[in-house]
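J.:
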Amino acid sequence: MIHQNIVVGPLACNCALLACEETREAVLIDPGDEAPKILAAVAKANVTVKYLLHTHAHFDHVGATAGVRAKLDAKTCLHRGDEDLYRNLPL
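In the numbering used here, the protein residues as written are 764 to 854.
#1: Please state whether DSSP places E788 in a helix, a strand or coil.
#2: With distances taken Cα to Cα, identify the nearest neighbour of A775 among R787, E785, E784, P794.
#3: May I have the straight-line CA-CA distance separating A782 from F822, to the nearest angstrom?
#4: At the level of alpha carbons, what is the spacing between L852 and L780?
#5: For I801 versus I769, is the C-beta spacing smaller than 8 Å?
Put into structure tokens, the structure is as follows:
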């Protein structure tokens with residue numbers, strides 16, 4: 764198992780990169796900010812991110828989702844109870 768913690772944003776959110784050493788398939792948990800920093804860590808790990816997982820939809824946990832998703836072919840996963848909060852983040 765590959766496990767890397769990436770501290771991002773002004774609130775120091777812990778974004779986690781978890782990957783299988785054999786398949787090199789990965790998930791990113793809580794990409795909260797600093798998409799370039801997260802993408803650099805993914806590239807350095809030489810893994811393929813399949814999913815962006817969110818523990819909840821507070822801005823410091825989802826802020827880099829669009830920027831990361833624009834560069835990776837990964838599905839975004841979020842609990843349905845947080846969908847409205849996620850959709851209304853720009854407000």
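Ideal Cβ placement from N, Cα and C applies to all residues, glycine included.
T.: Looking at the atomic coordinates:
#1: Strand at E788.
#2: The closest CA to that of A775, considering only R787, E785, E784, P794, is found on P794.
#3: C-alpha separation (whole angstroms): 24 Å.
#4: Spanning the two alpha carbons is a distance of roughly 24 Å.
#5: With contacts defined as CB atoms closer than 8 Å, I801 and I769 qualify as a contacting pair.
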